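Novice: Below is one structure. I have some questions about it.
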Amino acid sequence: MTLESSEHSPLAQTGDLVQLVSPTNKVFIFHLVPGAELHTHRGLIRFDDLIGQPWGSQVFTHTGSAFFLFQPGPTDIWRETRRNTQIMYPKDIGYLLLKMGIGPGVTVLEAGTGSGALTTALAWAVGPHGAVFSYEIRPEMQNLARKNLEKLGLLDRVIFKLRDIEAGFDEQNVDALFLDLSNAYDFLAQARQALKPGGFFGAILPTTNQVARLLQALYDHHYAFVEVCEVMLRFYKPVPERLRPTDRMVAHTGYLCFARPMLLASPPPAAGSSSSSESEAVDPDGEL
Ligand SMILES: C[S@@+](CC[C@H](N)C(=O)[O-])C[C@H]1O[C@@H](n2cnc3c(N)ncnc32)[C@H](O)[C@@H]1O
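Written out as structure tokens, the structure is:
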């Protein structure tokens with residue numbers, strides 16, 4: 031059972047991924063296994079007592095402490111992801127999923143896997159008929175990501191590869207490819223080999239210096255429709271009488287870069303031809 035298992039049922043069922051939230055907002059996420067128990071700082075909860083309870087209801091520990099019972103959403107999962115690397119933020123992940131057309135049935139490739147936060151979102155988005163290929167150079171990171179995915183029941187959608195992507199990717203004609211590593215600009219030839227022509231390329235980089243290098247490399251490798259952006263998300267205090275932004279915000283995560291690898295027409299069409307050509311689609315200003 032996965033993150034999506036019984037999303038249409040109003041009741042918690044065996045195997046569901048559930049979230050318990052304490053009065054002080056302490057969160058526990060786990061699968062509902064019959065006979066198992068959760069030991070909290072406020073007492074013990076039997077999973078058998080949760081099975082059949084309506085989502086959103088209050089449940090109680092053996093000492094009488096109340097917890098709320100929910101189905102966790104992707105951002106709840108993200109918050110609980112065990113991490114040893116910088117992980118991608120939901121604000122960036124949400125936009126890239128839409129921008130790169132990553133939805134049910136899509137084949138997507140990413141590097142590096144890191145702690146698997148993005149991998150989790152990709153696996154969730156492509157659904158049971160899609161596939162995620164995830165490359166990582168460090169075995170300990172791959173193991174951590176594997177555990178994070180396994181906990182959510184999404185492991186069967188991900189094919190992990192332990193490799194320096196300098197050596198290239200095994201896959202070809204993937205729909206979308208995303209790089210979250212500091213020197214993404216060094217791997218555009220490899221990315222082009224793996225992507226289907228016109229597919230979706232994306233990367234995230236923390237500094238403008240790295241973005242400038244990536245831009246130059248994208249033009250050198252004939253990628254078009256180039257875009258650079260950053261996503262800013264500001265939360266508000268949800269108090270009707272004093273509605274205003276929260277005191278702090280995550281001011282910077284990274285710059286998102288997107289592009290499409292285009293096919294060059296060969297030979298180029300004659301000058302003055304009125305038909306649209308593939309070479310015209312390679313626009314160094316990225317404004318086509
Ligand atoms: C910032 S982390 C990725 C975080 C991940 N996107 C997440 O949301 O959890 C970058 C990862 O790229 C890996 N990496 C760096 N260079 C690599 C390379 N050449 N080939 C494969 N993986 C690489 C690093 O080991 C690290 O785990």
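First residue of the sequence shown: 31, per our numbering; consecutive thereafter.
Each residue gets a CB set at the ideal place from its N, CA and C atoms; glycine is no exception.
Keep in mind the model is a prediction, meaning the values are calculated, not measured.
1) Ends of the alpha helix (DSSP H) at P291?
2) Compare the C-alpha of L62 against each of G82, N55, H71 and E201 and name the closest.
3) For ligand 2, is there any heavy atom lying closer than 7 Å to the beta carbon of T237?
4) Quick one: is the Cβ of Y165 within less than 7 Å of any heavy atom of ligand 1?
5) Beta-carbon separation of E140 and L148 under 8 Å?
6) Which two residues bound the contiguous alpha helix (DSSP H) that contains R222?
7) Just grab the DSSP bridge partners of I195 for me.
8) Sort R222, L209 and L179 by Cα distance to F60 and report the nearest one.
9) In whole angstroms, what is the alpha-carbon distance linking Q101 and L182?
10) Just how far apart, CA to CA, sit L235 and D216?
11) Measure from the alpha carbon of P120 to the alpha carbon of each residue in A96, N55 and T105, then state which is nearest.
12) If you run the structure through DSSP and keep just helix, strand and coil, what is A254?
13) Report yes if the C-beta distance between L202 and Q220 is below 8 Å; otherwise report no.
14) With P53 and W85 assumed to form a contact (beta carbons below 8 Å), what rounded beta-carbon distance in angstroms separates them?
15) Per the DSSP calculation, G58 is bridged to which residue(s)?
16) Please return the same chain residues whose Cβ sits closer than 8 Å to the Cβ of P64, not counting the five positions on each side in sequence.
17) Do the segment 258-267 and the segment 204-213 meet, that is, are 3 or more Cβ pairs less than 8 Å apart?
18) Do L211 and ligand 1 come close, with the Cβ less than 7 Å from some heavy atom?
19) DSSP on V241, reduced to helix/strand/coil?
20) Does the Cβ of L50 have 16 or more other Cβ atoms within 10 Å, making it buried, or fewer, making it exposed?
21) Using three-state DSSP, classify Y165 as helix, strand or coil.
22) Return the CA-CA distance between A42 and I75, expressed in angstroms with no decimal places.
23) Apply the 10 Å Cβ neighbour rule to Q88 and answer buried if 16 or more other Cβ atoms are within range, or exposed otherwise.
24) If T115 and S145 are in contact, beta carbons under 8 Å, what's the gap, nearest whole angstrom?
Specialist: According to the structure data:
1) Here P291 belongs to no alpha helix (DSSP H); instead the beta strand (DSSP E) covers Y285 to P291.
2) G82
3) Although ligand 2 was asked about, the structure shown includes only ligand 1 as ligands.
4) yes
5) yes
6) L218 to A224
7) DSSP, once it has assigned bridges, lists no residue as partnering I195.
8) L179
9) 12 Å
10) 13 Å
11) T105
12) strand
13) Leu is not the amino acid found at residue 202; the sequence shown has Gln there. No, Cβ-Cβ distance for Q202 and Q220 is not below 8 Å.
14) No, P53 and W85 are not in contact; Cβ-Cβ is about 18 Å, not under 8 Å.
15) For the record, residue 58 in the displayed sequence is Phe; it is not Gly. Beta-bridge pairing links F58 to L50.
16) T44, F77, D78 and I81
17) no
18) yes
19) helix
20) buried
21) strand
22) 14 Å
23) exposed
24) 5 Å
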